[in-house]
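Trainee:
What follows is the structure, given as structure tokens:
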């Protein structure tokens, strides 16, 4: 007996039609309603009915549900994992989205209408007609300083982020800077604290006044947050100790950039070299293209 190899074959074997874009319509409506609520209250965590997906929770199931709820046959989808289009996780999700929604997929940021990303914001600037979907493992920005979820909700309701400020002050006095790394919280409109997903500080500083919507999906926690276009976003920081981006010890070995976010890698002679994390942006600079 032949086993089904695709979602369509599996659905046919059980006498059911394959749902467009993998999710059933009730689920997609639920996610879209949550997105509208999240856009109406920037930075607020909105619950949604998170479903089991063909990826492990914590590995992009929330972002995948957001993308599948929005995608249509005329869309062009790009999926990146830490800036790379060709990682196993990104390639698998791109194939699932394009195959189930019958839409085009691309590795070119400028051509995409929906960009789904893990751990990076594309360095090629997005336009107002594009949507950025970020995968978020932990949407609660107070989880490190307020372990109890109900207490954290009360802090959000009161707009009281004293524990986060005290934690930042402790880091500043003892360590000379925040130890949050790629999980630094941000203030939305100077009033609401939000976790922008695990993105480097280089990208946290680029969140302010973006011309496109940003949708953040946390499948494991069943929460959505969103930033409408041109939202005021600033990192949690003291006025006299601003948040500093990561520093690389050299230019990109491919395009020569000294301003991009660069990560260390092994060179041909096993020496440590630096290269751009965003593969497409590096390609654009290497080819001398203007965007």
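Numbering (the numbering used here), first residue to last: 1 to 291. Backbone N, C-alpha and C fix where the C-beta goes; we use that ideal spot for every residue, glycine too.
Where does residue 62 fall in DSSP's three states?
Mentor: Residue state, collapsed to three classes: helix.
Trainee: Compare the Cα-Cα distances from residue 207 to each of 26, 253 and 194 and report the closest residue.
Mentor: Cα-wise, what sits closest to residue 207 is 194.
Trainee: Would you list the residues sitting across from residue 263 in a DSSP beta bridge?
Mentor: For residue 263, which the question treats as bridged, DSSP gives the partners 275.
Trainee: The beta strand (DSSP E) with residue 117 in it runs from where to where?
Mentor: Where residue 117 is concerned, the enclosing beta strand (DSSP E) stretches over 114-118.
Trainee: Report the residue ranges of all beta strand (DSSP E) runs contained in full by the stretch 92-145; include only those spanning at least 3 residues, in chain order.
Mentor: 114-118 and 131-135, all fully within the stretch 92-145.
Trainee: For residue 29, is the classification buried or exposed, using 16 other Cβ atoms within 10 angstroms of its Cβ as the cut-off for buried?
Mentor: Exposed: under 16 other Cβ atoms inside 10 Å.
Trainee: What does the alpha-carbon distance come out to for the pair residue 172 and residue 256?
Mentor: Looking at the two C-alpha atoms, the distance is approximately 33 Å.
Trainee: Using alpha carbons as the reference points, say which of 96, 75, 44 and 157 lies closest to residue 218.
Mentor: Closest by alpha carbon: 44.
Trainee: Mapping the DSSP letters down to three states, classify residue 67 as helix, strand or coil.
Mentor: Three-state DSSP puts residue 67 in a helix.
Trainee: Mind checking which residues open and close the alpha helix (DSSP H) that includes residue 218?
Mentor: From DSSP, residue 218 is part of no alpha helix (DSSP H) but of the beta strand (DSSP E) over 214-218.
Trainee: With 16 as the cutoff for other CB atoms within 10 Å, does residue 79 come out buried or exposed?
Mentor: Classification of residue 79: buried, given that the 10 Å Cβ count is 16 or more.
Trainee: To the nearest angstrom, how far is the alpha carbon of residue 139 from that of residue 253?
Mentor: One C-alpha to the other measures close to 35 Å.
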